[in-house]
Each structure stands twice: as C-alpha cells, then as structure tokens.
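Throughout, this note's numbering is defined as the position within the sequence shown, counted from one, plus 2.
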Amino acid sequence: MKVIDGTIASPLGFSADGLHAGFKKRKMDFGWIVSEKPASVAGVYTTNKVIAAPLIVTKTSVKKAGKMKAIVVNSGVANSCTGTQGLEDAYTMQEWTAEKLGVEPDLVGVASTGIIGELLPMDTLKNGLSKIVVNANADDFAKAILTTDTATKTIAVTETFGRDVVTMAGVAKGSGMIHPNMATMLGFITCDANISSDTLQLALSKNVEKTFNQITVDGDTSTNDMVLVMSNGCTLNEEILPDTPEFDKFSKMLNFVMQELAKKIAKDGEGANKLIQVDVVNAPNALDARMMAKSVVGSSLVKTAIFGEDPNWGRILAAVGYAGVDVPVDNVDIMIGGLPVMLASSPVSFDDEEMKDIMHDDEVTITVDLHAGHEKGTAWGCDLSYDYVKINALYHT
3 MKVIDGTIAS PLGFSADGLH AGFKKRKMDF GWIVSEKPAS VAGVYTTNKV IAAPLIVTKT
63 SVKKAGKMKA IVVNSGVANS CTGTQGLEDA YTMQEWTAEK LGVEPDLVGV ASTGIIGELL
123 PMDTLKNGLS KIVVNANADD FAKAILTTDT ATKTIAVTET FGRDVVTMAG VAKGSGMIHP
183 NMATMLGFIT CDANISSDTL QLALSKNVEK TFNQITVDGD TSTNDMVLVM SNGCTLNEEI
243 LPDTPEFDKF SKMLNFVMQE LAKKIAKDGE GANKLIQVDV VNAPNALDAR MMAKSVVGSS
303 LVKTAIFGED PNWGRILAAV GYAGVDVPVD NVDIMIGGLP VMLASSPVSF DDEEMKDIMH
363 DDEVTITVDL HAGHEKGTAW GCDLSYDYVK INALYHT
C-alpha cells in the first residue's frame, strides 16, 4: 500500500468541490462528491437516540437503493432536532440535488453539520446547488464540511490487486462532540474498486470499531455522526469477495484510511495541543483492550494531566480500573513515551528530564501492559485545555 498526495476525487470516476453558499458568514459551507456512475455504498451512523434528519434520509436511501451517485453536505446548520419540517427539508435537499444531477433521489446522500435546532435556510441551499459543477476543485470539499475544525483531514492511498491499481481516499471533519459509537464527526471515503455494497458494508463494519469508534475528544456523541463509503468499480478489477485474500487486502486498506482520519480528528480536538494515543497490550481479548484504551484516553483527569505535561500514572491506572472490564490489574506496567512509570502495579522512578521532553511533545503515547493475554487495543484522543471551555462557551445556539 502506498500513501499518495491526493484528494477525495483521486479514485477514478469521482469529482468533488466546495464553496460558500451562505450557511456561514464567510467560510466555505457547501460541498459535494459525485461518482460518474452509481457506486456501491456502505454506511455507519450515530448511536445517539436523537438522530438528525439528514441521517434518517441517507440511511433510508442506502438501505433502499444499495447504490449512491452523489453526496451533498452543508456546514453551519445541523438540521437536527427540527421536527417534521427538518425532515421535509432534508428530503427536499436530496430531491433538489437529484434533479440538478439528473438522477433518482435515492442515489443521493445528504449530510449536515453545525448548530443544532436550526432549520435549513432553503434559499441558501438552492444557491449552493445552483453552483454545483462536476470536475471542479476537490480540495475545497474538505474545507466546506468543517465547523470548529482548525484543519482539513484527508488521506489517499493506492494498492495493487492483480494487475490493477485501486485508489482509495478519505476526508473527515470533527473537532468537538467526538465520542462516536457508531462538533459532529463526518467521514466520507471514495474508492474505485469493484466490490458489492454488502461486501463493502462488511469491511466498513469490521473496521469502524477499531478506528472511528476508538476516538474521543469530549465524550459527547453527536446527533449527526456518519461515515459513508462509495466504491464505483471504475478500476475494473475482478470483484472483491468476502473470505478471500483480496478482501483481507481491501479491508486493511480501508482500516488504514479510517485510522488515519480518526487520528487527524483526535489531534484537531477543540482547543487541543496534543494527540494522545493509548495502547493496551497483552490483554485477554481485543474488545477488553479497546474498552480500557478508550477509558484512559477519555478520562478528563488524564487529558488535563497531559495538557499540564504531568506524567500522572495514578489517573491512568484509575481509568483502567473503571473501564468496566473484568481483568486483573495487580501486574500492570505503564509506560509514557516508552519510559516506565509503573511496573507490576507499583510506581518506579524515572529520569525527570527525559520525561519532561516526552510530555512536551505534541504527540504522547501511553502504553498499558496487562500481562494477561496476547491481544491489543488502541484509542486516540487529545488533551483538555482552557481553550476547549472557551470555544464551547462561545459556540451558541
């Protein structure tokens, strides 16, 4: 697998763009992805019981059509908690886009992100749709879907399948309200491989637990969280089938793209200064390891300790203990940046200057060794700073 300098439109047969339609005062706020032919599609959605109108529309269409030709996204207005009118507006968003592109409505996915409780300004939506151009500037799509994010989040890779080179690309947004259990987390992935929707869903569902569901910024699950994957088969490779070496290769490719996007989201958490990676190793099973890792990275006390550059192993061990996993913790090793701070569940001395350098880095890795098995789990998050409170105090409804 090779990482390339690409965009969401790098796979064959895709185009994308973004622009300022007027949902926000100045920044780009409206974007779209279009496949030249209907693509296989798979999706995962928020587990919040309050589900935004665009997710209801998209989830219904994915289930009904099993294919997707386009995705249209607005930022600035979430169209969540907007009742019957909000749902009607989401369907109108889908229908207007379908009319613009000359396709059936069920082949269009819609997504919104922004302030909860506001209806979509339909004149603004119509303005954005009137400017859709195929084969435009794909870089701007990544900008158009942002809210409180400080940076775009993209990744593109290629992999060889027989004589064919398959390209996969991803783009995501998310900075606050990130605790997906599938600010909103949206992820869009395009690919030109020949794979059915059912097989694509199998690959997505398999990998989401190890990637997007293992990040946390603030413990809040948004009403609008969604990840969609489209694969249009334009590479013309032999169809990728389940339980084959080709499926395993495709799954690893998808896992890499999703993991890179997840890490970019965690690193760009609201007010964040540091990316935190927690590896729980030698666990009885992978699920327990992932639960413990996410417990540690989601701890507000661990987050604030990392912000203050304090190697507080006690907070780490406490988060391991309340993770809800029945695993012995009387022989735990904890390392920060590879430097042991606890061995066999007892604190050990360490070089203060070396630890100071580790804690000052913008990426801090915590390793928890349970000595209770052979499985591993990883989670990503960020520190908790003064700016997080400031950003969310000023973000109004």
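Positions of the beta carbon are idealized from the N, C-alpha and C atoms, including for glycine.
None of the values given here were measured: they were computed from a predicted structure.
Just mark Met-3 as buried or exposed, buried being the case when its beta carbon has 16 or more other beta carbons within 10 Å. The residue you call residue 3 lines up with position 1 of the sequence shown. Answer is exposed; the Cβ neighbour count stays below 16.
Delimiting residues of the beta strand (DSSP E) encompassing Val-112: Counting from 1 along the sequence shown, the entry for residue 112 is found at position 110. It spans 110–117 - the beta strand (DSSP E) in which Val-112 sits, taken as one unbroken run.
Touching or not, the segment 273–284 and the segment 378–393, by the rule of three or more beta carbon pairs under 8 Å? yes
Going by alpha carbons, who is nearest to Pro-40 out of Asp-108, Pro-56, Cys-83? Here residue 40 refers to the residue found at position 38 of the sequence shown. When Asp-108, Pro-56, Cys-83 are compared, the shortest CA-CA separation from Pro-40 is found for Asp-108.
Taking all protein chains shown into account, decide if Thr-62 is buried (16 or more other Cβ within 10 angstroms of its Cβ) or exposed. The residue you call residue 62 lines up with position 60 of the sequence shown. Flag for Thr-62 reads exposed.
Expected contact under 8 Å - CB spacing of Ile-267 and Ile-217 to nearest Å: As a first step, residue 267 must be located in the sequence shown, where it is residue number 265. As a first step, residue 217 must be located in the sequence shown, where it is residue number 215. Confirmed, Cβ separation roughly 6 Å.
Going by DSSP, name the residue or residues bridged to Ile-278. Residue mapping note: residue 278 aligns to position 276 of the sequence shown, counting from 1. Within the DSSP secondary-structure output, Ile-278 pairs in a beta bridge with Val-366, Gly-383.
Check whether the Cβ atoms of Leu-103 and Lys-128 lie closer than 8 Å to each other. Working through the sequence shown from its first residue, we reach residue 103 at position 101. Working through the sequence shown from its first residue, we reach residue 128 at position 126. No, they are not a contact pair.
Can you tell me whether Glu-241 is buried or exposed, with buried defined as 16 or more other CB within 10 angstroms of its CB? Here the question's residue 241 lines up with position 239 in the sequence shown. Label assigned to Glu-241: exposed.
Which one of Thr-115, Gly-189, Asp-19 has the shortest CA to CA distance from Val-173? Here residue 173 corresponds to residue number 171 of the sequence shown, with the count starting at 1. From the listed residues Thr-115, Gly-189, Asp-19, the smallest Cα separation to Val-173 is found for Gly-189.
Run the CB neighbour count on Gly-340, radius 10 Å, all protein chains shown included, and call it buried at 16 or more, exposed below. By 1-based counting over the sequence shown, the position of residue 340 is 338. Classification for Gly-340: exposed.
Could you spell out where the alpha helix (DSSP H) holding Pro-400 opens and where it closes? Residue 400 is absent from the structure shown; the chain starts at 3 and stops at 399.
Chain-order list of residues whose beta-carbon lies under 7 Å from that of Val-59 (same chain, five-residue window excluded): Start at 1 with the first residue of the sequence shown, and residue 59 comes out as number 57. Counting only Cβ-Cβ distances below 7 Å, and skipping sequence neighbours, we find Ala-92, Tyr-93, Gln-96, Val-112.
Assuming Ala-55 and Thr-84 make a contact with CB atoms under 8 Å, what is their CB distance in whole Å? The sequence position of residue 55 within the sequence shown is 53, counting from 1. The sequence position of residue 84 within the sequence shown is 82, counting from 1. Yes, they are in contact, since the Cβ atoms of Ala-55 and Thr-84 sit about 6 Å apart, within 8 Å.
Ala-185 versus Phe-309 - alpha carbon distance: For the purposes of this step, residue 185 is taken as residue 183 along the sequence shown, with counting starting at 1. For the purposes of this step, residue 309 is taken as residue 307 along the sequence shown, with counting starting at 1. Bear in mind that the predicted position of Ala-185 carries a pLDDT of just 42, short of 50, making it unreliable; the figure below should be weighed with that in mind. Between Ala-185 and Phe-309, the C-alpha separation is close to 21 Å.
Classify Glu-262 as buried or exposed, calling it buried when 16 or more other Cβ atoms lie within 10 Å of its own Cβ. Looking up residue 262 in the sequence shown gives position 260. Buried: at least 16 other Cβ atoms inside 10 Å.
Keeping to the same chain, check which residues put their C-beta closer than 6 Å to that of Val-64; ignore five residues upstream and five downstream. Taking the sequence shown and counting its residues from 1, the one referred to as residue 64 is at position 62. Around Val-64: Val-43, Gly-45.
Thr-213: first and last residue of the uninterrupted beta strand (DSSP E) it sits in: Taking the sequence shown and counting its residues from 1, the one referred to as residue 213 is at position 211. Premise fails: Thr-213 is in no beta strand (DSSP E) and is neither H nor E.
Measure the Cβ-Cβ separation of Leu-319 and Met-344 and say whether it is below 8 Å. The sequence position of residue 319 within the sequence shown is 317, counting from 1. The sequence position of residue 344 within the sequence shown is 342, counting from 1. Yes. Within cutoff.
If you follow the alpha helix (DSSP H) that Lys-4 is in, where does it begin and where does it stop? Against the sequence shown, residue 4 aligns to sequence position 2. Taken as a continuous stretch (DSSP letters only), Lys-4 belongs to no alpha helix (DSSP H), being part of the beta strand (DSSP E) at 4–6.
Span of the beta strand (DSSP E) holding Ile-191? Locating residue 191 in the sequence shown gives position 189, where the first residue counts as 1. Per DSSP, Ile-191 belongs to the beta strand (DSSP E) from 188–193.
Within 8 Å, do at least three Cβ pairs link the segment 143–153 to the segment 16–34? yes
Rounded to whole angstroms, what is the Cα-Cα separation between Val-5 and Thr-160? Position 3 of the sequence shown, counted from the start, is the residue given in the question as residue 5. Position 158 of the sequence shown, counted from the start, is the residue given in the question as residue 160. Near 7 Å, if we compare the C-alpha coordinates of Thr-160 and Val-5.
Within this structure, are the beta carbons of Asp-389 and Asp-270 separated by less than 8 Å? The count along the sequence shown starts at 1 and reaches residue 389 at position 387. The count along the sequence shown starts at 1 and reaches residue 270 at position 268. Contact flag unset, no.
Can you name, in chain order, every residue of its own chain whose Cβ lies under 7 Å from the Cβ of Asp-290, other than the five neighbours on each side? Counting from one through the sequence shown, the residue named residue 290 turns up at place 288. Once the five neighbours on either side are set aside, the close Cβ partners of Asp-290 are Val-327, Val-329.
Secondary structure at Tyr-401, three-state DSSP: helix, strand or coil? Past the edges of the chain, shown from 3 to 399, lies residue 401, and the structure says nothing about it.
Please say whether Gly-176 and Asn-287 have beta carbons closer to each other than 8 Å? Here residue 287 corresponds to residue number 285 of the sequence shown, with the count starting at 1. Here residue 176 corresponds to residue number 174 of the sequence shown, with the count starting at 1. Against a cut-off of 8 Å, the Cβ pair of Gly-176 and Asn-287 comes out as no contact.
Considering only DSSP beta bridges, list what Thr-156 is partnered with. Position 154 of the sequence shown holds residue 156. Answer by DSSP bridge pairing, in chain order: Val-173.
Between Asp-50 and Asp-227, what straight-line distance do the alpha-carbon atoms span, to the nearest angstrom? Start at 1 with the first residue of the sequence shown, and residue 50 comes out as number 48. Start at 1 with the first residue of the sequence shown, and residue 227 comes out as number 225. Contrary to the premise, residue 50 reads as Asn rather than Asp in this sequence. Going by the C-alpha atoms only, they are around 9 Å apart.
Once you ignore the five residues that flank Lys-26 on each side, which residues in its own chain have a CB closer than 6 Å to its CB? Numbered from its first residue, the sequence shown carries residue 26 at position 24. Excluding positions up to five away in sequence, the list reads Gly-78.
Less than 8 Å between the C-beta atoms of Val-136 and Thr-237, yes or no? The residue you call residue 136 lines up with position 134 of the sequence shown. The residue you call residue 237 lines up with position 235 of the sequence shown. No; because the gap between Cβ atoms is not below 8 Å, this pair is not in contact.
Whole angstroms is fine: what's the gap from Ile-157's alpha carbon to Glu-211's? Within the sequence shown, residue 157 is the residue found at index 155, counting from 1. Within the sequence shown, residue 211 is the residue found at index 209, counting from 1. Between Ile-157 and Glu-211, the C-alpha separation is close to 19 Å.
Span of the beta strand (DSSP E) around Asp-335: For the purposes of this step, residue 335 is taken as the residue at position 333 of the sequence shown. Element bounds for Asp-335: 335–338.
Could you have a look at Ser-348 and say whether DSSP puts it in helix, strand or coil? Here the question's residue 348 lines up with position 346 in the sequence shown. Looking at Ser-348 - three-state DSSP - the assignment turns out to be strand.
Can you tell me whether Met-232 is buried or exposed? The criterion is at least 16 other CB atoms within 10 Å of its CB, across all chains shown. Residue mapping note: residue 232 aligns to position 230 of the sequence shown, counting from 1. So Met-232 counts as buried.
As assigned by DSSP and simplified to three states, the class of Asn-76: Against the sequence shown, residue 76 aligns to sequence position 74. The answer is strand: DSSP assigns Asn-76 an E or B state.
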